[in-house]
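Each remark here refers to the structure printed beneath this line.
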Amino acid sequence: MIATAVRHRRPKPRRLAERRIETRFRTLVSPHQLNTRKGRTIYWIVLVAMVAGFTAVFMFPLYWMVTGGLKTPEELDQIPPTLIPRNPSFDAYIEAWNLLDLGLLLKNTALYAAGAWLFTLAVDVAAAYALSKLRPMFGKLITGLMLATLMIPPMVLILPLYVTVVDLDLLNTPWAIWLPAAANGFNIFLLKRFFDSIPRELIEAAEMDGASPVRILWSIVLPVSRPILGVVSIFTVVNVWRDFVYPLLVLPDTDRMTVSVAINSLSQTMPTNALTAALVIASIPTIVIFLFFQRHIMAGLTAGSLKG
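Under the UniProt record's numbering, the residue at position 240 of the sequence shown is numbered 240, and the numbers go up by one with no gaps.
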C-alpha cells in the first residue's frame, strides 16, 4: 500500500514537462508573448528607448563640449545654458589653433606617444615572454615583486622619477617620457596572462624544428597576440596623451610641452569658448583611437582568461 500511495503521488510526465517549460521561460517577457504583434511592438519600443537613452547619456558630455566651442563666451557662460548654439561659428576653433599653436603641441604629443608605444612593446613584451615561456630562475619571485609595484600610487613615484631624470640630464627630451613608460607592471601582467594561454605544444613543436626563442616570439607568439597587443597599445598611447603632472615637471620648455600642459598653462588668458574648442581638438586623437580599436579591449582582456 505504501508503494501504491507513493506511485499515486508522483506527478505525471506531462506536468513535469510543463513545469520545466515554465521554469525555462521564467523571464519578464516570455517567447510566447514576443510572438504576438503587441509583444513585438512593446519589445522594440522598450529596446529602442533604452538604447537611445543610454546613448544620449554617454554622448551628451561630448556634444556639450563640441557645441561649447561653437558659442560665444557670453552664450557659453549664460544661465540657464542653451542646448543649441544660437549663431554657431568655428571662430573659436580657429582662435584656439592659432593662439596655442596646437599643430606643434599635437606633433610633440604624438612623438611622445609613439616613442612610448614602441619602447613599451619592446620592453614589456620581452619581459612577459621571458616570465611566461622561458621560465627563468626566481621567475615567480620577480612576478610577485612586479605585481607589488602596482600597489604603489603613481603620485608617489613622480618625485623619484623627476630626480632620476634630472640626474641623467634628460629634462626637455623625449627620453624623459619614453623610458619611464617602457617599464609598466600592469602591461607586463596583461601580456604574461595572455602568453600563458598559448598552448605549450606550439612552443615545443617550434623548438623541435630548431627555432630559437627569439624566432618563436616573432613567428608564433606575436602573430596570435594581436588582441592583447592592441590593448597595451591603447593604454600606452592614451596614458601618455592625457598625462599632465609628470610632463609638466620634465618638459618645462614651451616648445617641448604636451598639449594638455600647454592648454592648462594658457587657460587663464583664453576666452572660455576658445578653451573649450582647444579641449575638443586635443581630445579628437584619443577618441578616434578608442573608436577604431575598441573591439580589441574586451577581446584582449578576456582572451587570456581561459587556458587551452
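Note that the Cβ used here is the ideal one computed from N, Cα and C, for glycine as well.
Between which two residues does the alpha helix (DSSP H) carrying residue i extend?
i, result
"Val259", "259-265"
"Gly230", "226-242"
"Asn98", "91-100"
"Pro271", "Run containing Pro271: none; DSSP gives neither H nor E here."
"residue 310", "In the structure displayed, the chain extends from 1 to 308; residue 310 sits before or after that span and is not available."
"Leu62", "37-68"
"Pro88", "First-last for Pro88: undefined, no H or E at that position."
"Leu76", "73-76"
Taking 7 angstroms as the cut-off, is the CB of residue i close to at least one heavy atom of the ligand MG?
i, result
"Thr236", "Annotation note on the ligand MG: not contained in the displayed structure, which lists no ligands."
If you count every other CB in all the chains shown that lies within 10 Å of the CB of residue i, and 16 or more means buried, which is it?
i, result
"Thr23", "Below a pLDDT of 50, predicted positions are generally treated as unreliable, and Thr23, at 49, falls in that range; the measurement from the model is reported next regardless. Exposed: under 16 other Cβ atoms inside 10 Å."
"Asn273", "buried"
"residue 327", "There is simply no residue 327 to check, as the chain begins at 1 and stops at 308 in what is shown."
"Phe195", "buried"
"Asn87", "exposed"
"Asn35", "exposed"
"Trp117", "buried"
"Leu291", "exposed"
"Ala52", "exposed"
"Thr120", "buried"
"Ile21", "Model confidence at Ile21 stands at a pLDDT of 48, short of 50, so the residue's coordinates are unreliable and nothing is read from them."
"Lys192", "buried"
"Gly68", "buried"
"Leu190", "buried"
"Met270", "buried"
"Leu306", "The predicted position of Leu306 is uncertain, since its pLDDT is 44 and thus under 50; no value can be drawn from it."
"Met146", "buried"
"Ile94", "exposed"
"Ile152", "exposed"
"Tyr129", "buried"
"Leu47", "exposed"
"Arg215", "exposed"
"Leu217", "buried"
Am I right that residue i and residue j are in contact with their C-beta atoms under 8 angstroms? What's the rounded C-beta distance?
i, j, result
"Ala176", "Leu251", "7 angstroms"
"Ile188", "Asp124", "5 angstroms"
"Leu105", "Ala262", "5 angstroms"
"Leu229", "Gly185", "With 8 angstroms as the limit, Leu229 and Gly185 do not qualify as a contact, their Cβ atoms being about 17 angstroms apart."
"Thr258", "Asn108", "6 angstroms"
"Ile289", "Val237", "6 angstroms"
"Pro85", "Leu62", "Incorrect: roughly 15 angstroms between the Cβ atoms, too far for contact."
"Ile158", "Tyr246", "6 angstroms"
"Phe293", "Ile234", "5 angstroms"
Open item on the list: Check whether the stretch 132-149 and the stretch 195-204 touch, using three or more Cβ-Cβ pairs below 8 angstroms as the test.
Closed with: At 8 angstroms Cβ cutoff, the stretches touch.
TODO: Could you name each continuous alpha helix (DSSP H) segment of 4 residues or more that falls completely within the stretch 135-222, going from the start of the chain to the end?
DONE: DSSP runs (the alpha helix (DSSP H)) wholly in the stretch 135-222: 139-148, 154-167, 175-182, 185-196, 200-208, 213-216.
- [ ] Say whether the stretch 98-114 touches the stretch 238-247, bearing in mind that this needs 3 or more beta-carbon pairs closer than 8 angstroms, one atom from each stretch.
- [x] Contact between the stretch 98-114 and the stretch 238-247 is present, because at least three Cβ pairs lie under 8 angstroms.
- [ ] Would you be able to state if there are at least three C-beta pairs under 8 angstroms between the stretch 94-101 and the stretch 265-283?
- [x] Yes: at least three Cβ pairs fall under 8 angstroms.
Task: Inter-stretch contact (C-beta, 8 angstroms, three-pair minimum) for the stretch 157-167 and the stretch 201-218 - done: Cβ pair count under 8 angstroms is below three, so no.
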